[in-house]
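**Q** Taking my numbering, the leading residue of the sequence shown gets 304, the next gets one more, and so forth. From the three backbone atoms N, C-alpha and C, an ideal C-beta is built for every residue, glycine too.
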Amino acid sequence: MTDSLSFGAWAKQRRAALNLPPASVAAQVGCALVTLRKIEADARRPSLEIAERLARCLLLPHEDQRTFVQVARGNLSADHLPPPTYVATEAASTAAAAPPQVAAQLFGRADDLAAISALLADPTVRMVTLTGPPGIGKTRLALALAAALTAQFPDGIWFVDLTLISAAELVMAHTAQVLGLGALPPALVVSKLAELLDGRRCLLILDNAEHVLAAAPQLALLLQQTSQLKLLVTSRELLRLSAEHVYLVSTLALPAVAARPSLAQLAQSPAVALFAARAQARQRTFALSSANIAAVVAICAQLDGLPLAIELAATRIVLFAPDVLLAHLAPCLPLLTRGASDRPARQQTLRHALDWSYGLLTDGEQRLFACLGVFHGPFTLAAVVDVAASIGLTQLDSLETLTGLVEKSLVAVDTACSPPRYRLLEPIREYASELLVADDTAPLVWEYCCRHYLAQAQQAAVQLQGPEQQRWMQALAADHPNIIAVLVWLEQRGEIERSAEFAGALWWFWLASGRTIEGRPWLERAFACKERLPRSLEVEIICGLGFLCLSQGDVANTGTLFTQALALAQAEQNLWLCCMAWIGLGRTAGICGDQEGEAAAFNSALRLARRAGYPLGIAWSLSQLTRIAVERGDFSTAQQLGPEAVAIFRALGNQIGLVSILVVLGHVLLASDIAQAQALFEQSFDIYTELGHGSGMCWALRGLGAVAEQRGDLARARQLYEASLVRAYAIQEYQTISAVTQKLAELRALDS
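As structure tokens, this is what we get:
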């Protein structure tokens, strides 16, 4: 006890004994240096929050911290405190302080637990770092490992919460306290820890190390001075030690809804199971059902499987049914609050967790992170470089800064793509977007983003007809969320002309990929203002709108549209659109039952293309004439026309055209060579799948259904027709819907 010191004098002597500079202590407790000096001079009482932080900063044992706060607030005299210069002279109990217990069931982490346990069991592995974005569940996973590995570490497992300190130089001293060594001079702390731990099979868990990375050399020294100690670190950024083995903690798995799983299968999905468990903890009557499962799955998908976000969303079940909650999740951050009060403050709302991470970024990283809020889906390095130019970053600056954001777990990278693609989990993207909105540079960032994707779309419009078709289809599919976001931005600014430039460049992609539902409104908006557009763009808009209407079975105005497009294309001498307009007129006539008009239009397209020596126009015209020959049962004509189209498409490297004619020829072979017909349909389905061609996948499945029907396997035929129908409804491919519905009706008639 001390009976002569005031609180301020005690605190000052304690700080001096620990060799802590005043400025460092002031920064750690969150007050001005002049405020700390007033506290040490007894000219001011610290607030409750500052007193609690000061107790931790001065390395008081946990059992003395409450007394310290009471003395600081004037509720007790300073003689209740131990001498300010006391230092532990011998180790306390060598038994490990029990890590906190995992309060709730862990979902979807069995594979992670097994993999990390195997790493820690490897004699050559001394240190494992669990890394990942905020809210991914690194701490929860570490605690689960502590509970599971007691037999593997018989000499003890310690859990050190590094969020209790704010400076790297305090890491080892804080660790010494947790291990029962009390307060030690900085020069002795590593050697004393090594003396305690050497020769013992034990595990030291250091939780949340991202803000104290400068302590890494001391951790390396501790490992060097001990023979069996192992470290398990959780951090949003790596410590970059040679002994470090990295384990990236991923988001929770989402159900594969495309496979049409049952309610029981959906309920077993880790993300869905976590939501259900947390919802039931708040509302005992909650249960997954056929009525709410779709909304719950959509909520988990909206939150990208991020555990903390799912937990926080589930707490709102007392206010909203799942479908209403889903509607409120755009934006999601305002709703993701009210976490458990026994969790760290930064984990009680997702925004606090993100604030913590954002505060650890450099100025350049903060600026680029805000810029990334412009992206609404995966993005390439080229896109980042173009967008970052808006805030003055060079290509090299952009690469280095983006690398820093990846290393700090705020940006994920998929290296399996070529080129690699980056993305932000949706809650993180929303946070970045808020930062961007609040920044004066936001309009310029969006402008540079718009230029990048418009240039890409215009280049793709040409490349989609050649040998690079597949690569460009995949690139546009990956970038489509970003393109739509740019279109929305242009619409909000009233920039109809530039929005029309996007629509004119993208209509073929929208048609080929089955995105007619998304694409048609943008073409209709541009069409409504066509008088303001250049003639070359106007004809693209009219022709594209006509084909998207055709795909959806809406032929009320397509005849007029294609007639207008033909006149404009002829005036512009645009062979491609002249041929497409004739083909559109032919398709319209065919749907309306005008067989003579259909054939006449396709023949007009063929004559035009042959006169002009335009191979692509020839191939598409022949493809359409082959199709109508098959539909009329004129297989002889089909076999005469089809091979020429195949040869041209192959020579041009046009996969979409090639596979479309292969599907048609597959129907020709149904009566003569069913095995070859099946091979063509299977090959077509695979190519369409690689291209992401939604309509084509419907056509190939329909052909495979016809193969099964021809072989008498009606059950298999029904499955394939139904699969085609499901896909067709998803993309509103009404011509397929009509044809397949008729086939299913015929099969039902056979059954009856």
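Tell me the rounded alpha-carbon separation between Ala399 and Leu534.
**A** With a pLDDT of 46 at Ala399, under the threshold of 50, the modelled position of that residue is not reliable, and no figure is offered here.
**Q** Between Leu525, Ala594, Cys753, Glu875, which has its C-alpha nearest Val677's C-alpha?
**A** Cys753
**Q** Quick one: measure Cβ to Cβ for Glu540 and Leu569, integer angstroms, because I've assumed they're closer than 8 Å.
**A** The pair is not a contact, with the Cβ atoms about 35 Å apart (cut-off 8 Å).
**Q** For the stretch 904 to 965, list the alpha helix (DSSP H) runs that are entirely contained and at least 4 residues long, ordered along the chain.
**A** Segments of the alpha helix (DSSP H) lying fully in the stretch 904 to 965: 918 to 934, 938 to 955.
**Q** Over what stretch of residues does the alpha helix (DSSP H) that includes Asp666 continue unbroken?
**A** 666 to 674
**Q** Does the count of Cβ pairs from the stretch 922 to 931 and the stretch 875 to 888 closer than 8 Å reach three?
**A** yes
**Q** Measuring straight from C-alpha to C-alpha, what distance separates Thr940 and Ala932?
**A** 6 Å
**Q** Since Asn785 contacts Phe682 with CB under 8 Å, what's their CB separation in whole angstroms?
**A** 6 Å
**Q** Around the Cβ of Val765, are there at least 16 other Cβ atoms within 10 angstroms (buried) or fewer (exposed)?
**A** exposed
**Q** If distances are taken between C-alpha atoms only, which option among Gln373, Ser816, Gly847, Leu708 comes closest to Arg992?
**A** Per the sequence presented here, residue 992 reads as Thr, with Arg not at that position. Checked all of Gln373, Ser816, Gly847, Leu708; the closest Cα to Thr992 is Ser816.
**Q** Give the DSSP bridge partners of Tyr550, in chain order.
**A** Leu433
**Q** Could you round the C-beta distance between Trp813 and Leu851 to whole angstroms and report it? I think they count as a contact, below 8 Å.
**A** 6 Å
**Q** Taking the straight line between their C-alpha atoms, what separation do you get for Thr478 and Ala450?
**A** 20 Å
**Q** Is Gln898 near the ligand SAM, judged by its Cβ being under 8 Å from some heavy atom?
**A** This structure does not include the ligand SAM; it has no bound ligands of any sort.
**Q** At what residues does the beta strand (DSSP E) containing Phe462 begin and finish?
**A** 460 to 464
**Q** Are the CB atoms of Glu843 and Gly797 nearer to each other than 9 Å?
**A** Their beta carbons are not under 9 Å apart, which means Glu843 does not touch Gly797 by this criterion.
**Q** Can Leu609 and Pro436 be called in contact, C-beta distance under 9 Å?
**A** yes
**Q** So, under 8 Å CB-CB, Leu448 and Ser420 are touching, yes? Tell me the CB distance rounded to an integer number of Å.
**A** 7 Å
**Q** Tell me whether the stretch 995 to 1013 and the stretch 1039 to 1051 touch, counting them as touching only if at least three CB pairs, one residue from each stretch, are closer than 8 Å.
**A** yes
**Q** Would you mind stating whether Glu737 and Gly707 have Cβ atoms separated by less than 9 Å?
**A** For Glu737 and Gly707, no; Cβs fall outside 9 Å.
**Q** Does DSSP classify Val515 as helix, strand or coil?
**A** coil
**Q** According to DSSP, what are the bridge partners of Tyr725?
**A** Phe682, Val716
**Q** If you run the structure through DSSP and keep just helix, strand and coil, what is Ser644?
**A** With a pLDDT of 45 at Ser644, under the threshold of 50, the predicted position of this residue should be treated as unreliable, though the coordinate-derived value follows. Looking at Ser644 - three-state DSSP - the assignment turns out to be coil, as it is neither helix nor strand.
**Q** Using a Cβ-Cβ cutoff of less than 6 Å, which residues in the same chain neighbour Gly995 once the five nearest sequence positions on both sides are dropped?
**A** Met776, Ala780, Ser816
**Q** Cutting at 7 Å between CB atoms, please list the residues of its own chain near Gln873, excluding the five before and the five after it.
**A** Taken in chain order, the residues that qualify are Cys881.
**Q** With contact counted as at least three CB pairs below 8 Å, one residue from each stretch, are the stretch 366 to 373 and the stretch 329 to 344 in contact?
**A** no
**Q** Measuring alpha carbon to alpha carbon, tell me which residue in Val372, Gly662, Leu557, Ala497 is nearest Ala597.
**A** Leu557
**Q** Measure the beta-carbon distance from Leu1063 to Arg953 and round it to whole angstroms, keeping in mind my assumption that it falls under 8 Å.
**A** As shown, the chain starts at 304 and ends at 1055. That puts residue 1063 outside it, with no answer to give.
**Q** Are the CB atoms of Gln1038 and Ile921 within a distance shorter than 9 Å?
**A** no
**Q** Excluding the 5 residues preceding and the 5 following Arg913 in the sequence, name in chain order all residues of the same chain whose CB lies nearer than 7 Å to its CB.
**A** Taken in chain order, the residues that qualify are Ile921.
**Q** At which residues does the alpha helix (DSSP H) containing Ile886 begin and terminate?
**A** 878 to 894 is the extent of the alpha helix (DSSP H) around Ile886.
**Q** Where do the ends of the beta strand (DSSP E) carrying Asp510 lie?
**A** 506 to 510 is the span of the beta strand (DSSP E), which, as asked, contains Asp510.
**Q** Quick one: Cα of Tyr1032 to Cα of Gln855, how far?
**A** C-alpha of Tyr1032 to C-alpha of Gln855: approximately 10 Å in a straight line.
**Q** Assuming Gly440 contacts Val552 under a Cβ cut-off of 8 Å, what Cβ separation, rounded to an integer in Å, is found between them?
**A** 6 Å
**Q** Where does Lys533 sit, in a helix, a strand or coil, going by DSSP?
**A** strand
**Q** Pick helix, strand or coil for Ala449, following the three-state DSSP scheme.
**A** helix
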